[in-house]
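Heads up, this note's numbering is the position in the sequence shown plus 13, with the first residue counted as 1.
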Amino acid sequence: MAPCVIISIRVMSLGPPSNITGEQSETEFKLKLCALYFHRLHLRLGFVHRIFIPSTAMDVGRGLELQKMNGQHSRDLGPDKLNLEDGFDGLEFMAERDEFLPGKSPGIKAPQFTDFEGKTSFGMSIFNLSNAIMGSGILGLAYAMSNTGIVLFLILLLCIAILSAYSIHLLLRSAGVVGIRAYEQLGHRAFGQPGKVLAGSIITMHNIGAMSSYLFIVKSELPLVMQAFLGLKDNTGEWYLDGKYLIIIVSVIIVFPLSLMRHLGYLGYTSGFSLSCMVFFLISVIYKKFNIPCPLEKITSQDNHLVSVLGESHDNHSFVSSDVDFCEAQSFTINMKTAYTIPILAFAFVCHPEVLPIYTELRDATKKRMQTVANISILAMFVMYGLTAIFGYLTFFGGVDSELLHTYIKVDPLDTLILCVRMAVLVAVTLTVPVVLFPIRRALLQLLFPEKPFHWAHHISIAVCLLVIVNLLVIFVPTIRDIFGVIGATSAPSLIFILPGIFYIRIVPEETEPLKSIPKIMAACFAALGFVFMVMSTSFIILDWVSGESRSGGGH
14 MAPCVIISIR VMSLGPPSNI TGEQSETEFK LKLCALYFHR LHLRLGFVHR
64 IFIPSTAMDV GRGLELQKMN GQHSRDLGPD KLNLEDGFDG LEFMAERDEF
114 LPGKSPGIKA PQFTDFEGKT SFGMSIFNLS NAIMGSGILG LAYAMSNTGI
164 VLFLILLLCI AILSAYSIHL LLRSAGVVGI RAYEQLGHRA FGQPGKVLAG
214 SIITMHNIGA MSSYLFIVKS ELPLVMQAFL GLKDNTGEWY LDGKYLIIIV
264 SVIIVFPLSL MRHLGYLGYT SGFSLSCMVF FLISVIYKKF NIPCPLEKIT
314 SQDNHLVSVL GESHDNHSFV SSDVDFCEAQ SFTINMKTAY TIPILAFAFV
364 CHPEVLPIYT ELRDATKKRM QTVANISILA MFVMYGLTAI FGYLTFFGGV
414 DSELLHTYIK VDPLDTLILC VRMAVLVAVT LTVPVVLFPI RRALLQLLFP
464 EKPFHWAHHI SIAVCLLVIV NLLVIFVPTI RDIFGVIGAT SAPSLIFILP
514 GIFYIRIVPE ETEPLKSIPK IMAACFAALG FVFMVMSTSF IILDWVSGES
564 RSGGGH
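Now the structure itself:
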């Protein structure tokens with residue numbers, strides 16, 4: 014009867030129903046209230062699973078006619094109807110129940126992040142997570158494929174997709190055990206306050222780097238797109254062709270209002286539109302494959318000579334390569350740049366700071382349901398990444414640039430379709446910024462105001478400060494991409510591989526899974542793999558700086 018004592022005490026203040034006679038014992042009445050409360054809890058939260066009710070309660074409960082309470086049918090209020098399947102084991106449910114049940118005091122419950130639970134639909138959650146995964150790194154995947162070959166690239170991409178799904182599984186499992194749906198709180202549960210600060214700091218630095226990357230693209234590309242749409246050959250220096258002004262305008266008019274949304278679920282519509290822009294980009298890449306010849310040549314408007322875009326120019330004709338095999342796709346390619354593609358692909362599915370916030374707001378949230386959201390999102394991005402890389406590579410083969418759109422611009426700078434594609438990509442990355450900002454604000458609120466209820470002043474001021482900082486960095490620090498390249502090389506492996514693995518080992522009790530159990534050994538190996546990726550990425554970036562090249566781009 015112990016699990017139901019608190020519930021009975023809370024609801025006894027309501028008084029017994031009028032039709033409860035003196036012949037019914039107080040124990041029977043409490044059992045009815047216990048069953049009724051759990052049923053209502055199921056209706057509100059949608060994830061009640063394997064509720065522990067003592068056998069005496071089960072026996073008596075089955076014999077009671079609960080449908081007669083208040084003179085109405087109970088609609089399956091009996092305890093035997095409450096054994097629902099949703100993927101939680103008993104330990105996890107008890108933890109989550111403690112998190113979600115009201116406190117013992119009749120006063121106002123302290124607001125938790127889980128207060129927003131149940132607001133966002135399954136589809137909107139997929140849009141938000143897919144948008145979080147989709148990064149500017151998609152523009153460099155064709156270049157990565159040119160250095161690995163089609164088959165090796167797809168094998169590596171598939172492995173990374175599976176590892177990313179497994180990483181999310183570790184996060185959800187850890188969150189389920191302790192009843193917490195905040196990355197920073199998982200760090201606190203695993204390592205105390207230092208773990209909380211570490212997790213919050215890594216999320217903040219990584220997502221600020223991602224925001225800077227997106228807005229840097231807006232700063233560098235939007236003036237060129239505006240110039241092309243206006244038919245100008247050169248930048249005349251007008252304010253509407255200055256990237257510094259344009260990035261501020263975009264931040265104030267588009268990014269800031271979207272960043273003020275209280276719930277991440279509201280951004281599902283803009284995330285869906287952002288993904289539509291990237292689908293348009295993919296369709297255009299496929300279309301251009303059948304419209305651009307190989308070897309690539311074009312006729313200049315001045316001397317009518319054939320000038321190779323990717324090769325050397327001659328008097329009359331020039332070809333990209335004298336090799337017969339230039340326009341043949343390679344299945345496997347190993348060269349000096351092949352190793353650089355591993356970090357690019359390893360970070361192609363970074364979305365882990367957004368997973369737990371989306372889980373918090375998911376309607377009828379369960380581990381199984383959230384894992385399905387993650388799997389569908391990763392699968393969709395795997396298909397989009399794969400098709401973009403394949404058709405981009407098959408268009409230019411070995412001549413593809415490290416940023417795919419730049420290669421199309423070399424073919425025809427005024428191509429209307431490519432201009433529209435560039436604008437669509439700019440819209441997509443712009444609409445991704447608010448989604449990336451949300452986990453930063455959540456992390457800062459956890460670090461700065463852990464016990465405070467929601468307040469619009471905190472909500473708005475953090476968004477303003479973040480956008481001001483990012484805009485100042487992008488405008489006044491020319492090497493911002495290099496700086497955050499190093500940060501990304503350390504933060505991305507931590508978020509994807511290291512922290513989920515370590516959290517799982519520390520949080521899941523040894524009584525449930527011993528330290529030498531297969532799941533924990535796998536988690537340890539997973540964290541070790543993250544250290545390998547971190548060392549590789551950092552080493553390649555340092556080599557880039559030394560050699561003066563730029564090859565080791567990240568997924569975001």
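Positions of the beta carbon are idealized from the N, C-alpha and C atoms, including for glycine.
Near residue i, what residues of its chain come up, given a Cβ to Cβ distance below 7 angstroms and the 5 sequence neighbours on each side ignored?
i, result
"Leu27", "Bear in mind that the predicted position of Leu27 carries a pLDDT of just 44, short of 50, making it too unreliable to give a figure here."
"Phe510", "Ser180, Phe539, Ala540, Leu542, Gly543 and Phe546"
"Ile267", "Thr443"
"Leu235", "Gly256, Leu259 and Leu439"
"Met436", "Val238"
"Leu271", "Leu280, Thr283 and Pro447"
"Ile422", "Ile431"
Out of the options, state which residue places its alpha-carbon closest to the alpha-carbon of residue i.
i, options, result
"Cys478", "Ile146, Phe269 and Tyr196", "Phe269"
"Ser159", "Lys302, Gly412 and Met397", "Gly412"
"Ile151", "Ala361, Cys433 and Glu464", "Ala361"
"Asp428", "Ile475, Tyr406, Gly244 and Ala203", "Gly244"
"Thr354", "Leu142, Ala157 and Ser143", "Ala157"
"Ile168", "Leu418, Ile520 and Tyr398", "Tyr398"
"Leu432", "Leu457, Leu183, Gly285 and Leu237", "Leu237"
"Glu197", "Ala378, Gly285, Ile216 and Val446", "Ile216"
"Ala155", "Pro513, Ile299 and Gly250", "Ile299"
"Cys340", "Thr401, Gly285 and Leu407", "Leu407"
"Lys381", "Ile163, Arg186 and Thr503", "Arg186"
"Leu176", "Glu524, Phe553 and Gly514", "Gly514"
"Leu295", "Thr551, Ala476, Ala441 and Glu251", "Ala441"
"Cys290", "Ala195, Val434, Ala502 and Val483", "Val434"
"Val487", "Ala195, Ile261 and Phe135", "Ile261"
"Asn220", "Asp495, Ala174, Ala536 and Cys364", "Cys364"
"Tyr459", "Phe140, Val190 and Arg194", "Per the sequence shown, residue 459 should be read as Gln rather than Tyr. Among Phe140, Val190 and Arg194, the Cα nearest to that of Gln459 is on Arg194."
"Ile347", "Leu165, Leu369 and Arg376", "Leu165"
To the nearest angstrom, report how far apart residue i and residue j are at their CA atoms.
i, j, result
"Ile555", "Met549", "10 angstroms"
"Leu280", "Asp425", "35 angstroms"
"Ile453", "Asp557", "29 angstroms"
"Val263", "Val449", "16 angstroms"
"Phe516", "Ala505", "16 angstroms"
"Val559", "Ala188", "42 angstroms"
"Pro30", "Ser390", "Any reading at Pro30 must be qualified, since the residue scores a pLDDT of 47, below 50, and its modelled position is unreliable; the value itself is stated next. So the alpha carbons of these two residues sit roughly 48 angstroms apart."
"Lys132", "Lys302", "42 angstroms"
"Arg455", "Phe404", "39 angstroms"
"Met383", "Glu374", "10 angstroms"
"Gln240", "Lys246", "7 angstroms"
"Ser507", "Leu528", "21 angstroms"
"Asp228", "Gly200", "Checking the sequence shown, residue 228 turns out to be Leu, not Asp. So the alpha carbons of these two residues sit roughly 30 angstroms apart."
"Phe242", "Thr401", "25 angstroms"
"Glu523", "Ile230", "47 angstroms"
"Gln343", "Phe467", "55 angstroms"
"Gly100", "Glu464", "With a pLDDT of 39 at Gly100, under the threshold of 50, the modelled position of this residue cannot be trusted; read the value that follows with caution. C-alpha separation (whole angstroms): 30 angstroms."
"Gly213", "His182", "20 angstroms"
"Ser149", "Trp252", "26 angstroms"
"Gly208", "Lys232", "36 angstroms"
"Ile473", "Arg275", "10 angstroms"
"Leu512", "Cys307", "46 angstroms"
"Leu171", "Asp495", "28 angstroms"
"Gly192", "Thr525", "16 angstroms"
"Asn388", "Ala476", "30 angstroms"
Could you tell me which residues DSSP puts in a beta bridge with residue i?
i, result
"Thr551", "Paired residues: none, contrary to the question."
"Thr133", "Leu375"
Short of 6 angstroms in beta carbon distance, which residues of its chain neighbour residue i, apart from the five on each side in sequence? Order them along the chain.
i, result
"Thr420", "Phe409, Val413 and Asp414"
"Phe497", "Gly222 and Ser225"
"Trp469", "none"
"Glu367", "Ala145 and Pro452"
"Gly278", "Lys132, Thr133, Met137 and Glu374"
"Met218", "Ile500 and Ser504"
Would residue i pass as an interface residue toward chain E - the criterion being a Cβ-Cβ separation below 8 angstroms?
i, result
"Ile389", "You won't find chain E in this structure, because it holds only one protein chain."
Report all residues from its chain with a CB closer than 8 angstroms to the CB of residue i; omit the five preceding and five following residues, and keep chain order.
i, result
"Phe3", "A question about residue 3 goes unanswered here, because the residues of the chain that appear run from 14 up to 569."
"Gln37", "For Gln37, the predicted structure reports a pLDDT of 47, less than 50, and the residue's modelled location is therefore unreliable. The matter cannot be settled from this model."
"Gly153", "Ile357, Ser415, Glu416, Leu417 and Gly566"
"Ala352", "Met549 and Phe553"
"Ala537", "Gly514 and Ile518"
"Ile163", "Ala342, Gln343, Ser344, Ile403 and Tyr406"
Write down every uninterrupted run of the alpha helix (DSSP H) in the segment 341 to 373 whose length is 4 residues or greater and which is fully enclosed by it, in chain order.
-> 351 to 359
In chain order, which continuous runs of the alpha helix (DSSP H) of length 4 or greater are located wholly inside the segment 376 to 451?
-> 380 to 409 and 417 to 424
Start-end ranges of the alpha helix (DSSP H) lying completely within the segment 207 to 283, minimum 4 residues | 256 to 263 and 269 to 272
At which residue ranges does the segment 503 to 557 contain complete alpha helix (DSSP H) runs of 4 or more residues, listed in the order of the chain?
-> 512 to 520
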